[in-house]
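Engineer: Counting along the sequence shown from 1, when you hit position 276 you're at 614 in this note's numbering, and nothing is skipped either side. The C-beta atom is built at its ideal place from N, Cα and C for all residues, glycine as well. Values in this document were obtained by computation on a predicted structure and should not be read as measured data. Have a look at the structure that comes next, please.
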Amino acid sequence: MKACGQPARAGLAGRMLRPKRLRRKRSALHAVRWPFLAYAAGIVALSYSRRRLRLPRPAMVPVVSTVPLAVAAALPRGRYQYAGTWIAYVWLFKVAWEIPYDKPEKLERRLRIDYPIRIDSLLGAGTPPGLRLHRAFREPPRLSALDFGMTALHYLLWAAPHAALGWTLAYDEERFPRTAGRLAAVYHLTTLGYWCVPTAPPWWASEHEGRMDGGLQHITHDVGLAVKEKLGGEKPASRRERRAGDRDQGNPWGSMPSDALPAAAITARSLGEVSRLAGTLGWTLTAAYGVVLVYLGEHYVTDLVAGLVLVELVWRGEPLLLPLVRLGTTSLRTLERAVS
């Protein structure tokens, strides 16, 4: 009897001596539904081969849209599931933004250049506001300290909605699904414009098409090149080389409506539900971001207004979409149980 009991006691002792953190990690790994993660990895790999395989562009959008759902189904419920799903969604948005440009020659036939210039000229009393800012504060092609500062601020403000989501996840987890859902809806609906109304941003219209007397420069790209030249000791690129690199921007014609400003605006509205101070901070950053985007030539004021209209539609349409969200959540739980 003693000999028979020794292995059992040894196994119990081993489990007791095993660090709790290690046991929790193993438990978490066992809770992951690996078939869903394998599926998501396969779709990600397929998306990076889509141009080489000449996969149809419209069909790829619903295919890659399943990746965040698969990640959500794969991970156990909780903060890690929320975080993993949001990371997957940001990847999805990037790919959905790029896909229309997979065949630039086809997209270029429908490229719109002049209509936002006309509208912005009306808004700017005869001159687009972006061009007014360039004439007032810049001496192209020289890059100033203001250009470097505005570019840095651009990337910081782009990350602000995601930082706000991270704060929500850490300190107010119950609000996270709704806040993230609103942001995702705004992001995803902007991609419809990139398919239906491909529009050249101000820097493209100016530098590549000669509009606005060529007075606007692709500041963010040129600042990036200048930083690389400074840090890497590279030879300064010629204007032709710099402009050739403009086409390697994921989708240089995905600018109407803006996705950056509405992302900040919908986040500001969500923060307003937390407190007046948080909402005020969110809207202050949103207003600053609008100025930055116009100064850098990334967007027309028209793009920003269209994005804000989209924010209002998402906000007011949210009650209509909730039943669909609940249906999707129920379907997701059913899939989880089927694989578990």
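Does the structure place the segment 565–573 close enough to the segment 451–470 that three or more beta carbon pairs sit under 8 Å?
Structural biologist: Contact fails: fewer than three Cβ-Cβ distances are below 8 Å.
Engineer: Run through DSSP, which three-state label would R450 get?
Structural biologist: Note: R450 maps to strand in three-state DSSP.
Engineer: Would you mind giving the Cβ-Cβ distance between D560 and S596, rounded to the nearest angstrom? I have them listed as a contact below 8 Å.
Structural biologist: Contact flag wrong, Cβ pair sits at about 21 Å.
Engineer: Quick one, are the C-beta atoms of L609 and A616 less than 7 Å apart?
Structural biologist: In this structure, A616 lies closer than 7 Å to L609 by Cβ.
Engineer: To the nearest angstrom, how far is it from the Cα of L360 to the Cα of S613?
Structural biologist: Model confidence at L360 stands at a pLDDT of 49, short of 50, so the residue's coordinates are unreliable and nothing is read from them.
Engineer: I'd like to check one pair, D440 with R395: are the Cβ atoms closer than 7 Å?
Structural biologist: Going by C-beta atoms, R395 is nearer than 7 Å to D440.
Engineer: Could you spell out the range, first to last residue, of the alpha helix (DSSP H) harbouring D560?
Structural biologist: Residues I557 to G570.
Engineer: What are the complete alpha helix (DSSP H) segments, minimum 4 residues, inside the segment 606–652?
Structural biologist: As far as the segment 606–652 is concerned, its whole alpha helix (DSSP H) runs of at least 4 residues are 614–633.
Engineer: Going by the DSSP bridge assignment, what does T537 pair with across the sheet?
Structural biologist: BP columns for T537 point to R450.
Engineer: Exposed or buried, what is S544 when buried is set at 16 or more other beta-carbons lying within 10 Å of its beta-carbon?
Structural biologist: By the 10 Å Cβ count, S544 comes out buried.
Engineer: Does the separation of the CB atoms of G592 and Y532 fall below 7 Å?
Structural biologist: The answer is yes: Cβ separation under 7 Å.
Engineer: CB P438 to CB L449, shorter than 7 Å?
Structural biologist: Cβ distance not < 7 Å, so P438 and L449 don't count as in contact.
Engineer: Nearest-angstrom Cα distance between R417 and L491?
Structural biologist: Rounded to whole angstroms, R417 to L491 spans 29 Å at the Cα level.
Engineer: Could you give the distance in angstroms between the alpha-carbon of R388 and the alpha-carbon of W372?
Structural biologist: Roughly 24 Å between the two C-alpha positions.
Engineer: Can you look up L393 in the DSSP assignment and give me helix, strand or coil?
Structural biologist: If DSSP states are grouped into helix, strand and coil, L393 belongs with coil.
Engineer: Nearest by alpha-carbon distance to V643: which of L413, L662 and A601 is it?
Structural biologist: Ranking L413, L662 and A601 by Cα distance to V643 puts A601 first.
Engineer: What would DSSP say about A463, mapped onto helix, strand or coil?
Structural biologist: Of the three classes helix, strand and coil, the one that applies to A463 here is coil, per DSSP.
Engineer: For I425, count neighbouring Cβ atoms within 10 angstroms of its own Cβ and tell me buried if that reaches 16, exposed if not.
Structural biologist: With fewer than 16 Cβ atoms within 10 Å of its Cβ, I425 is classed as exposed.
Engineer: Could you give the DSSP three-state label for E477: helix, strand or coil?
Structural biologist: Residue state, collapsed to three classes: coil.
Engineer: Please classify R517 as buried or exposed, where buried requires at least 16 other C-beta atoms within 10 Å of its C-beta.
Structural biologist: It should be pointed out that residue 517 corresponds to Thr in this sequence rather than to Arg. Counting Cβ neighbours within 10 Å, T517 comes out buried, since at least 16 surround it.
Engineer: Determine contact between the segment 619–636 and the segment 540–554, defined as no fewer than three beta-carbon pairs at a distance below 8 Å.
Structural biologist: These segments touch.
Engineer: Is it the case that the Cβ atoms of T558 and A434 are separated by a distance below 7 Å?
Structural biologist: No; because the gap between Cβ atoms is not below 7 Å, this pair is not in contact.
Engineer: Please state whether the Cβ-Cβ distance between V428 and A523 is less than 7 Å.
Structural biologist: No, Cβ-Cβ distance for V428 and A523 is not below 7 Å.
Engineer: Consult DSSP for L554 and reduce its assignment to one of helix, strand or coil.
Structural biologist: In the structure shown, L554 sits in coil (DSSP, three-state: anything other than H, G, I, E or B).
Engineer: Which class does K656 belong to by DSSP, given the choice of helix, strand or coil?
Structural biologist: Contrary to the premise, residue 656 reads as Glu rather than Lys in this sequence. Residue state, collapsed to three classes: helix.
Engineer: I need the straight-line Cα distance from S578 to E547, nearest angstrom please.
Structural biologist: Reading off the sequence, residue 578 comes out as Arg, not Ser. About 14 Å.
Engineer: Helix, strand or coil for K444 per DSSP?
Structural biologist: In this structure, K444 counts as helix in the three-state DSSP scheme.
Engineer: Just confirm the distance between the C-beta atoms of Y377 and F514, as a whole number of angstroms; I'd bet it's less than 8 Å.
Structural biologist: About 24 Å; that fails the 8 Å criterion.
Engineer: For H556, which residues of its own chain have a beta-carbon under 7 Å away from its beta-carbon, when the five flanking residues on both sides are left out?
Structural biologist: Cβ neighbours of H556 beyond the five flanking positions: W541, E545, D584 and G635.
Engineer: Is it the case that the Cβ atoms of M594 and V535 are separated by a distance below 7 Å?
Structural biologist: Against a cut-off of 7 Å, the Cβ pair of V535 and M594 comes out as a contact.
Engineer: For the alpha helix (DSSP H) containing H546, list its first residue and its last residue.
Structural biologist: H546 -> no alpha helix (DSSP H), and no H or E assigned at all.
Engineer: Is it true that the CB of V405 sits closer than 7 Å to the CB of I381?
Structural biologist: Taking 7 Å as the Cβ cut-off, I381 and V405 qualify as a contacting pair.
Engineer: Quick one, which of S403, A508, E650 and L599 has its alpha-carbon nearest A379's?
Structural biologist: That would be S403, whose Cα lies nearest to the Cα of A379.
Engineer: Using a threshold of 7 Å, state whether the C-beta atoms of I604 and R520 are closer than that.
Structural biologist: Against a cut-off of 7 Å, the Cβ pair of R520 and I604 comes out as a contact.
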